[in-house]
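**Student:**
Number of protein chains: 2
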Amino acid sequence: MKEIRVPVVERILNANDQVSEQNRGWLHKFGIFSINLMASPGAGKTSLILQTIARLSSRVSMGVIEGDTARVTMDADKVRQAGVPAVQVNTAGGCHLDAALIASALSQLPLAEMHLLLVENVGNLVCPASFRLGTDIDVLIASVPEGDDKPFKYPAIYRGLQALILNKIDLLPYVSFDMDNFRKGVEMLNPGVAFFPVSCRTGEGLDSWADWLESRTRQGTQSSD
Amino acid sequence: MKEIRVPVVERILNANDQVSEQNRGWLHKFGIFSINLMASPGAGKTSLILQTIARLSSRVSMGVIEGDTARVTMDADKVRQAGVPAVQVNTAGGCHLDAALIASALSQLPLAEMHLLLVENVGNLVCPASFRLGTDIDVLIASVPEGDDKPFKYPAIYRGLQALILNKIDLLPYVSFDMDNFRKGVEMLNPGVAFFPVSCRTGEGLDSWADWLESRTRQGTQSSD
Numbered sequence: 005m006k007e008i009r010v011p012v013v014e015r016i017l018n019a020n021d022q023v024s025e026q027n028r029g030w031l032h033k034f035g036i037f038s039i040n041l042m043a044s045p046g047a048g049k050t051s052l053i054l055q056t057i058a059r060l061s062s063r064v065s066m067g068v069i070e071g072d073t074a075r076v077t078m079d080a081d082k083v084r085q086a087g088v089p090a091v092q093v094n095t096a097g098g099c100h101l102d103a104a105l106i107a108s109a110l111s112q113l114p115l116a117e118m119h120l121l122l123v124e125n126v127g128n129l130v131c132p133a134s135f136r137l138g139t140d141i142d143v144l145i146a147s148v149p150e151g152d153d154k155p156f157k158y159p160a161i162y163r164g165l166q167a168l169i170l171n172k173i174d175l176l177p178y179v180s181f182d183m184d185n186f187r188k189g190v191e192m193l194n195p196g197v198a199f200f201p202v203s204c205r206t207g208e209g210l211d212s213w214a215d216w217l218e219s220r221t222r223q224g225t226q227s228s229d
Numbered sequence: 005m006k007e008i009r010v011p012v013v014e015r016i017l018n019a020n021d022q023v024s025e026q027n028r029g030w031l032h033k034f035g036i037f038s039i040n041l042m043a044s045p046g047a048g049k050t051s052l053i054l055q056t057i058a059r060l061s062s063r064v065s066m067g068v069i070e071g072d073t074a075r076v077t078m079d080a081d082k083v084r085q086a087g088v089p090a091v092q093v094n095t096a097g098g099c100h101l102d103a104a105l106i107a108s109a110l111s112q113l114p115l116a117e118m119h120l121l122l123v124e125n126v127g128n129l130v131c132p133a134s135f136r137l138g139t140d141i142d143v144l145i146a147s148v149p150e151g152d153d154k155p156f157k158y159p160a161i162y163r164g165l166q167a168l169i170l171n172k173i174d175l176l177p178y179v180s181f182d183m184d185n186f187r188k189g190v191e192m193l194n195p196g197v198a199f200f201p202v203s204c205r206t207g208e209g210l211d212s213w214a215d216w217l218e219s220r221t222r223q224g225t226q227s228s229d
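Protein sequence lines correspond, in order, to chains A and B. Here the first sequence is numbered in this note's numbering, starting from 5 and rising by one per residue. Here the second sequence is numbered in this note's numbering, starting from 5 and rising by one per residue.
1. Tell me the start and end of each unbroken alpha helix (DSSP H) in the region 49-114 of chain A that is at least 4 residues and wholly inside, in chain order.
2. Along the chain, where does the alpha helix (DSSP H) that runs through residue 183 of chain A open and close?
3. What does the alpha-carbon distance come out to for the pair residue 70 of chain B and residue 87 of chain A?
4. Taking Cβ-Cβ distances below 7 angstroms as the criterion, which residues of the region 36-53 of chain B are in contact with chain A?
5. Can you tell me where the beta strand (DSSP E) holding residue 199 of chain A begins and where it ends?
6. Is the Cβ of residue 191 of chain A closer than 7 angstroms to any Cβ of chain B?
7. Suppose the cutoff is 7 angstroms on Cβ atoms and the five residues either side in sequence are ignored; what does the same chain contact list for residue 51 of chain B look like?
8. For residue 131 of chain A, would you say it is in contact with chain B, using Cβ-to-Cβ distances shorter than 7 angstroms as the test?
9. Alpha carbons only, please: which of A:36, A:42, A:24 is nearest the one belonging to residue 164 of chain A?
10. Please report the straight-line C-alpha distance between residue 44 of chain A and residue 143 of chain A, rounded to a whole angstrom.
11. Residue range of the beta strand (DSSP E) that residue 169 of chain B falls in?
12. Please report whether the beta-carbon of residue 274 of chain A lies at a distance below 7 angstroms from any beta-carbon of chain B.
13. Counting only C-beta atoms, is residue 82 of chain A closer than 7 angstroms to chain E at any point?
14. Would the beta-carbon of residue 213 of chain B fall within 7 angstroms of that of residue 202 of chain B?
15. Within a Cβ cutoff of 8 angstroms, which residues of the same chain sit near residue 114 of chain B, ignoring the five residues on either side of it in sequence?
16. In angstroms, rounded to a whole number, what distance separates the CA positions of residue 190 of chain B and residue 155 of chain B?
17. Run through the DSSP bridge pairs and tell me what residue 37 of chain B is partnered with.
18. Could you tell me which of A:182, A:121, A:109 sits nearest to residue 150 of chain A, measuring between CA atoms?
19. In its own chain, which residues sit with a C-beta less than 6 angstroms from the C-beta of residue 199 of chain B, not counting the 5 before and 5 after it?
20. Of the residues that make up the region 107-130 of chain B, which ones have a beta carbon closer than 8 angstroms to any beta carbon in chain A?
21. By Cβ distance, which residues of its chain are closer than 8 angstroms to residue 82 of chain A, with the 5 residues on each side in sequence left out?
22. Just curious, the beta strand (DSSP E) that residue 160 of chain A is in, first and last residue?
23. Could you pull the start and end residues of the beta strand (DSSP E) that residue 144 of chain A belongs to?
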């Protein structure tokens, strides 16, 4: 079975990488900096996007792509209600976004008016790590109630990140979460990664994240001019 | 690309179903009732297994298979420390367990001495729903901090369940979780599914779950004699 399976998977991956490069070129042509937001289900991807919009949308023009496995529109609806253009992408049960889905979504966004694109991947700590989308950076949202052992259990996704957000720090008093162990796992896999402990519920830590993202966006759009 | 891809995927699924049927036959031959425990990363699969062992292992002889994407043994170590035989299975980055991994793990367990097998799948709400393992029932552990919208976003995994556990109810006062909305989503997809709100931290609700599982185990092992 392996003789049949491996080459096909490789061909699909290569096709994805090609479309991913096209997406990257397209986004840079428009001077758009883009991030791929990954997380477990329920870690707070949409909440983080809404909090980021609240802090940045008056200073940076944004667009959002919302990925889900099911035919739902609730996340894109929330983003649009916050005044930011959003496209909902349905993977039809698939466990990750891929570059072709992003290419299709890009054609529905007002790229000429945007400087920052936030992509919300499917909630999953495994599959999204293997499929490039053409975005500039990968960001993971971990969350306190998931537990401090997740870097050790899902190392592939922690390895390639440019930023790590730890959400739900307001729950630290109510759960057992060993911050030293979590940081130890992260440093082992990805030394020096930008780290933002936040609470999307209370707002704690989110200004630092938004400032960092604004700064990276300005660097990114300058360098791609 | 689709003309190449679909038949290969179908063939792999069929091969998995065949091994899954072999696993089921093997387990029933030994009079073992088995459950496939699925959840998001960090929802509390291992905690639930340990709490189940604490309540049932004196009445029902058990074994555990622990699935992880990485080469770690911490979960199996915890189960063995609790006095129950356990095998750690590594998917080498794969996003779900499959029937062949279970077949291999079964050969390392003392089947003749067991009546109940708990299988902990990889933390993922998408991929595990598509691969049968040969277990008797599928159980999902949702958790309060994930949010009440998960049935709407990950419908495939909610549809096939025989039991649903909602863990971390001790966090209900500290997060926004609309229980009515959650139940509405579950009922829409899986009407009448056995439902156990629990806290693996405080122990609340776990006796009901353990009693139900013991009862199902006794029915299951009788019917397969």
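Note that CB positions come from ideal geometry on N, CA and C, so glycine has one too.
**Tutor:** Straight from the coordinates:
1. If we require 4 residues or more, the alpha helix (DSSP H) runs fully inside the region 49-114 of chain A come out as 49-60, 78-85, 103-110.
2. For residue 183 of chain A, the enclosing alpha helix (DSSP H) stretches over residues 183-193.
3. C-alpha separation (whole angstroms): 45 angstroms.
4. From the region 36-53 of chain B, only 44, 45, 46 have a Cβ closer than 7 angstroms to chain A.
5. Taken as a continuous stretch (DSSP letters only), the beta strand (DSSP E) holding residue 199 of chain A covers 198-201.
6. By the rule that beta-carbons nearer than 7 angstroms mark a contact, residue 191 of chain A does not touch chain B.
7. Apart from the 5 residues on each side of it in sequence, residue 51 of chain B sits with its Cβ closer than 7 angstroms to the Cβ of 204 in its chain, given in chain order.
8. Answer yes: the Cβ-Cβ gap between residue 131 of chain A and chain B drops below 7 angstroms somewhere.
9. The shortest C-alpha to C-alpha distance from residue 164 of chain A to any of A:36, A:42, A:24 is the one to A:42.
10. Here the alpha carbons of residue 143 of chain A and residue 44 of chain A stand approximately 12 angstroms from one another.
11. 167-171 is the span of the beta strand (DSSP E), which, as asked, contains residue 169 of chain B.
12. The requested residue 274 of chain A does not occur in the structure, where chain A is confined to residues 5 to 229.
13. Reference to chain E is not applicable here, since the protein chains of this structure are A and B.
14. It is a contact, given that the beta carbons lie within the stated cut-off.
15. Taking C-beta separations shorter than 8 angstroms and ignoring five residues to either side along the sequence, the partners of residue 114 of chain B in its chain run 67, 89, following chain order.
16. So the two alpha carbons sit approximately 6 angstroms from each other.
17. Residue 37 of chain B has B:120 as its beta-bridge partners, per DSSP.
18. Checking every option, the nearest Cα to that of residue 150 of chain A belongs to A:182.
19. Counting only Cβ-Cβ distances below 6 angstroms, and skipping sequence neighbours, we find 168.
20. Only 126, 127, 128, 129, 130 from the region 107-130 of chain B bring a Cβ to less than 8 angstroms from some Cβ of chain A.
21. So the qualifying residues of the chain are 50, 54.
22. Residue range 159-163 is occupied by the alpha helix (DSSP H) that includes residue 160 of chain A, with no beta strand (DSSP E) assigned at that position.
23. Taken as a continuous stretch (DSSP letters only), the beta strand (DSSP E) holding residue 144 of chain A covers 141-147.
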